[in-house]
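*Asks:*
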Ligand code: GLA
């Protein structure tokens, strides 16, 4: 059923605006985005669609296809630590921007899995902001929408994420990757070479970014930055690089991951631009090693999956997203990807393809 029909059925009146936004997979560049570094995400085909209509009540009524019940939230209410916070925060942002007045009815239909490291929250917030902009007949710049969507996560949800997800969702298109420099939001849209194939595979291990471990890594990077006197931990001067060795071991390893990950990401974007498959695959593998060992953001189960992906012939594989569970991303030659995925899924019944 389309979001418009679902809306009409749930609220017994027609929708006034629609919005949609895809999930994303990060090919390389993990936890570099809030450290002023490079990222290389791509849009997924799974999508969040919303339908919306304003109401003259002070409430937000929310219906999601994932749940039977309709949820009522007071507009502008404080967060209550469940998924409706993303909708409530996005509607509050749209109201602050003057795109919406009063309350609203909101219908959500999404096949972007949550807790999978593929940005279900940024997709939902972005879809709502797009719907609200349509309602107000404004066409905001996608970079502005990305900044507003990030602000909802940072300020309302209290999740100190960077801007990768929102920019990827706002700018990337199928078959393309977004080579983004988060220091100044300079970007280039790269064609993914036609003979390369990426698969995003859910490990079966759910994780919640809001569960504290992402935030802990964010804080460790902040501490390392403060001690080194920089606001962009990914890009150290040679004096700051020397000073790295004076940091406590955990901070040294976190900083070593983000600085090396930044340079791997820059190299990976260059490799993609010239179709250098082997270099890209090797950088993915090195990225995973650094993410698991220095950043300690993997799990033994995910490390085992990555190892098996390589043992069964995948040239490049790594954990993608905020860490501690969710999806792995695998690079293979396009014509070999589907058969490889089929045999890998047969070996790992808890894993599924996104
Ligand atoms: C999450 C955050 C992003 C980014 C990644 C890790 O997806 O929302 O901003 O930090 O984790 O690379």
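Numbering (my numbering), first residue to last: 21 to 374.
Glycine included, every Cβ here is placed at the ideal spot set by N, Cα and C.
Just mark residue 314 as buried or exposed, buried being the case when its beta carbon has 16 or more other beta carbons within 10 Å.
*Replies:* What you label residue 314 is simply residue 294 of the chain shown in a count that begins at 1. Per the 10 Å Cβ criterion, buried.
*Asks:* Quick one, which of 357, 360, 358 and 338 has its alpha-carbon nearest residue 137's?
*Replies:* Reading the chain shown from its first residue, position 117 is the one you call residue 137. Cα-wise, what sits closest to residue 137 is 338.
*Asks:* Would you kindly report the start and end of the unbroken alpha helix (DSSP H) that includes residue 369?
*Replies:* Here residue 369 corresponds to residue number 349 of the chain shown, with the count starting at 1. Premise fails: residue 369 is in no alpha helix (DSSP H) and is neither H nor E.
*Asks:* Does the stretch 76-96 touch the stretch 231-247, meaning 3 or more C-beta pairs lie closer than 8 Å?
*Replies:* They do not touch, by the three-pair rule.
*Asks:* Helix, strand or coil, according to DSSP, for residue 4 in the structure here?
*Replies:* Residue 4 is absent from the structure shown; the chain starts at 21 and stops at 374.
*Asks:* Please give the ranges of any beta strand (DSSP E) in the stretch 149-203, keeping only runs that are unbroken, at least 3 residues long and fully inside the region.
*Replies:* Runs found: 196-201.
*Asks:* If we call anything under 7 Å between Cβ atoms a contact, is residue 111 one with residue 149?
*Replies:* In the chain shown, residue 111 corresponds to position 91, counting from 1. In the chain shown, residue 149 corresponds to position 129, counting from 1. For residue 111 and residue 149, no; Cβs fall outside 7 Å.
*Asks:* Hey, residue 220 and residue 130: beta-carbon distance below 7 Å or not?
*Replies:* The sequence position of residue 220 within the chain shown is 200, counting from 1. The sequence position of residue 130 within the chain shown is 110, counting from 1. No, they are not a contact pair.
*Asks:* Quick one: does the C-beta of residue 316 sit closer than 6 Å to a heavy atom of the ligand GLA?
*Replies:* On the chain shown, residue 316 is found 296 positions in, with the first residue counted as 1. No, Cβ of residue 316 sits at least 6 Å from all heavy atoms of the ligand GLA.
*Asks:* Give the range of the alpha helix (DSSP H) segment to which residue 325 is assigned.
*Replies:* Numbered from its first residue, the chain shown carries residue 325 at position 305. That run of the alpha helix (DSSP H) goes 320-331.
*Asks:* Considering only the beta carbon of each residue, do residue 44 and residue 177 sit closer than 7 Å?
*Replies:* Against the chain shown, residue 44 aligns to sequence position 24. Against the chain shown, residue 177 aligns to sequence position 157. For residue 44 and residue 177, no; Cβs fall outside 7 Å.
*Asks:* Please state if the CB of residue 280 and the CB of residue 60 are separated by a distance shorter than 7 Å.
*Replies:* As a position in the chain shown, residue 60 is number 40, starting the count at 1. As a position in the chain shown, residue 280 is number 260, starting the count at 1. Taking 7 Å as the Cβ cut-off, residue 60 and residue 280 do not qualify as a contacting pair.
*Asks:* Quick check: does the Cβ of residue 181 come within less than 6 Å of any heavy atom belonging to the ligand GLA?
*Replies:* For the purposes of this step, residue 181 is identified with residue 161 of the chain shown, where counting begins at 1. It does: the Cβ of residue 181 is within 6 Å (strictly closer) of some heavy atom of the ligand GLA.
*Asks:* Just curious, the beta strand (DSSP E) that residue 218 is in, first and last residue?
*Replies:* Residue 218 sits at position 198 when you count from the first residue of the chain shown. Residues 216-222.
*Asks:* If you draw a straight line from the alpha carbon of residue 194 to that of residue 258, how long is it in whole angstroms?
*Replies:* By one-based count along the chain shown, residue 194 stands at place 174. By one-based count along the chain shown, residue 258 stands at place 238. Distance between the alpha carbons of residue 194 and residue 258: 39 Å.
*Asks:* At a cut of 8 Å, does the stretch 255-270 reach the stretch 23-41 through at least three beta carbon pairs?
*Replies:* Output reads no: the stretch 23-41 does not touch the stretch 255-270.
*Asks:* How many Å lie between residue 345 and residue 312 at the Cα?
*Replies:* Reading the chain shown from its first residue, position 325 is the one you call residue 345. Reading the chain shown from its first residue, position 292 is the one you call residue 312. C-alpha separation (whole angstroms): 12 Å.
*Asks:* Give the secondary structure of residue 85 by DSSP, where H, G and I count as helix, E and B as strand, and everything else as coil.
*Replies:* Within the chain shown, numbered from 1, the residue matching residue 85 stands at position 65. Residue state, collapsed to three classes: coil.
*Asks:* Considering only their Cβ atoms, is the gap separating residue 53 from residue 202 smaller than 7 Å?
*Replies:* The sequence position of residue 202 within the chain shown is 182, counting from 1. The sequence position of residue 53 within the chain shown is 33, counting from 1. Yes, the Cβ-Cβ distance between residue 202 and residue 53 is below 7 Å.
*Asks:* Shortest alpha-carbon distance to residue 204 belongs to which of 58, 369, 245 and 34?
*Replies:* Translated into positions along the chain shown, residue 204 becomes position 184. The candidate whose alpha carbon is nearest that of residue 204 is 58.
*Asks:* In chain order, which continuous runs of the beta strand (DSSP E) of length 3 or greater are located wholly inside the stretch 71-146?
*Replies:* The stretch 71-146 contains these whole beta strand (DSSP E) runs: 79-84, 90-94 and 123-130.
*Asks:* For residue 68, which residues does DSSP report across the bridge?
*Replies:* For the purposes of this step, residue 68 is taken as residue 48 along the chain shown, with counting starting at 1. Per DSSP, 41 and 130.
*Asks:* Evaluate residue 140 with the Cβ neighbour count: other Cβ atoms within 10 Å of its Cβ, from every protein chain shown; 16 or more gives buried, anything less gives exposed.
*Replies:* Here residue 140 refers to the residue found at position 120 of the chain shown. So residue 140 counts as buried.
*Asks:* How long is the line joining the alpha carbons of residue 308 and residue 106, rounded to whole angstroms?
*Replies:* In the chain shown, residue 308 corresponds to position 288, counting from 1. In the chain shown, residue 106 corresponds to position 86, counting from 1. Cα to Cα, residue 308 sits roughly 30 Å from residue 106.
*Asks:* Given this structure, state the Cα-to-Cα distance separating residue 358 from residue 285, to the nearest angstrom.
*Replies:* Numbered from its first residue, the chain shown carries residue 358 at position 338. Numbered from its first residue, the chain shown carries residue 285 at position 265. Spanning the two alpha carbons is a distance of roughly 26 Å.
*Asks:* If you drop the 5 nearest sequence neighbours on each side, which residues of the same chain put their C-beta closer than 7 Å to that of residue 379?
*Replies:* Outside the displayed range of the chain (21 to 374) lies residue 379, so it cannot be described from this structure.
*Asks:* Check whether the Cβ of residue 308 lies closer than 6 Å to any heavy atom of the ligand GLA, and answer yes or no.
*Replies:* Position 288 of the chain shown, counting from 1, holds the residue named residue 308. For the ligand GLA, not one heavy atom lies less than 6 Å from the Cβ of residue 308.
*Asks:* Hey, would you say residue 304 sits closer than 7 Å to residue 48, going by beta carbons?
*Replies:* The residue labelled residue 304 in the question sits at position 284 within the chain shown. The residue labelled residue 48 in the question sits at position 28 within the chain shown. Yes. Within cutoff.
*Asks:* Helix, strand or coil: which one does DSSP assign to residue 316?
*Replies:* Mapped onto the chain shown, residue 316 falls at position 296. Of the three classes helix, strand and coil, the one that applies to residue 316 here is coil, per DSSP.
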